[in-house]
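Input: a single structure, listed below in structure tokens.
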Amino acid sequence: MTTVVVAFALSGCSSFIGRSQAQDIAEINVSSPELRDGKPLPREYSCRGGQVSPPLRWSSQPLSEAKSIAIVVDSRASSKATVNWVLYNIPATTTELGPGASEDPPDDGIKQARATNGKVGYDPPCDPGSYRFTVYTLNGKVDVPEGAPLPEILKKIADQTIARGRLTAVDIE
């Protein structure tokens, strides 16, 4: 079950959201002063460098029903899919995170899930592959007990998504 849920989450949560729901998913523009879409992940944000999360920025049209933001970083290397970071319950008014936000989240209410490797926080990518930094606007907060399993958290994010955007890095510098 865990493998199936993680696989759905890695596809950008689209399998949870589905096309049958009446709601449309708005677009979010995701950027970074350090990352370029389709370009290699800078070494600093990998296991070969400083191992910190990269800075991210996002914007979209204001959504009155927006209650929080979630970020999911996943990677696909060869045939292995991994969730590298899940940060959720970011205030809906937040539009950027600085480098190393995984080490020191900017707000007490922000929570991090355990990555696929079991570590809470950012698990820096190591293997050649693609790395997706997906930002979700949610119509609620992710209300799960402390230490909830990753699939449960990803499902809650998927169920509440009203907008989504992504920045994809390919390989590591």
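Residue numbers (my numbering): 577 to 749. All C-beta atoms in this analysis are idealised placements derived from N, C-alpha and C, irrespective of residue type, glycine included.
Determine the DSSP secondary structure at residue i, reduced to helix, strand or coil.
i	result
P727	helix
L627	Sequence check: residue 627 is Gln here, not Leu. Reduced to three states, the DSSP call for Q627 is coil.
Y621	helix
Q637	coil
I733	helix
Q597	Note on Q597: pLDDT 47, under 50, position unreliable in the model; the coordinate value appears next. Note: Q597 maps to coil in three-state DSSP.
T710	strand
P541	The requested residue 541 is not part of the displayed model; the chain covers only 577 to 749.
My understanding is that residue i touches residue j, with C-beta atoms under 8 Å, so please give their C-beta distance in whole angstroms.
i	j	result
A745	L617	4 Å
S644	Y664	7 Å
S635	T671	6 Å
T737	I601	6 Å
L743	L639	Their Cβ separation, rounded to whole angstroms, is 20 Å, which puts L743 and L639 out of contact at 8 Å.
Out of the options, which has the shortest C-alpha to C-alpha gap to residue i?
i	options	result
V720	T737, K731, I601	K731
E603	K615, Q637, P609, P727	Q637
P630	D683, T669, S678	S678
Got a sec? Which residues, its chain only, sit under 6 Å from residue i by beta carbon, not counting five neighbours each side?
i	result
V649	N660, W661, F709
V628	P675, G676
A642	A668, T713
Leaving out five residues on either side along the sequence, give the residues of the same chain with a beta carbon under 7 Å from the beta carbon of residue i.
i	result
R619	G625, I748, E749
Can you name the residues that DSSP bridges to residue i?
i	result
K717	Beta-bridge pairing links K717 to no other residue.
Which residues in the same chain as residue i place their Cβ atom closer than 8 Å to its Cβ, once the five residues preceding and following it in sequence are excluded?
i	result
D703	S651, A653, S654, K656
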